[in-house]
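Student: My questions will all concern the structure given below.
In the working numbering, the protein residues as written are 3 to 139.
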């Protein structure tokens, strides 16, 4: 993507998706206010804003050296931590709700949770290996 117009077009294409997700999350908080819902929504919104900022930065000014920096991946780990916390809060709120009509709902929740947890530990391992590589030289 060498053309600036293509970069801006790409960013303009994905921006409404992020805005729509954030509006939907805020709408959910207004319609169904609760402390855990507010915490979960704030964490998801922070994660989305961070992800869009990262996409924005690497679309406009890509840099291979920064992509392998431990600091960037630590930022990914922080965003993933926020996402995992939001997912746990959501699962805890979802399991006792009346929306769990089908037994498959619990299976799906467990599958999502196990996949998210596995991906999270994989990300932490990757961040640790980058830090170790940087420290050792």
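The beta carbon of each residue, even a glycine, is placed where N, CA and C say it ideally should be.
Computed from a prediction, not measured in an experiment: that's the story for all the values here.
Classify residue 42 as buried or exposed, calling it buried when 16 or more other Cβ atoms lie within 10 Å of its own Cβ.
Tutor: Buried is the call here.
Student: Would the region 78 to 85 count as touching the region 96 to 107 if we require 3 or more Cβ pairs under 8 Å?
Tutor: no
Student: For residue 105 and residue 90, what's the separation of their Cα atoms in angstroms?
Tutor: The C-alpha of residue 90 is placed about 19 Å away from the C-alpha of residue 105.
Student: Assess contact between the region 122 to 129 and the region 74 to 81, defined as three or more Cβ pairs (one per stretch) separated by less than 8 Å. Is contact present?
Tutor: yes
Student: With DSSP collapsed to three states, give me the class of residue 104.
Tutor: coil
Student: On a CA-only basis, which of 60, 74 and 139 is nearest residue 129? Give me that one, please.
Tutor: 74
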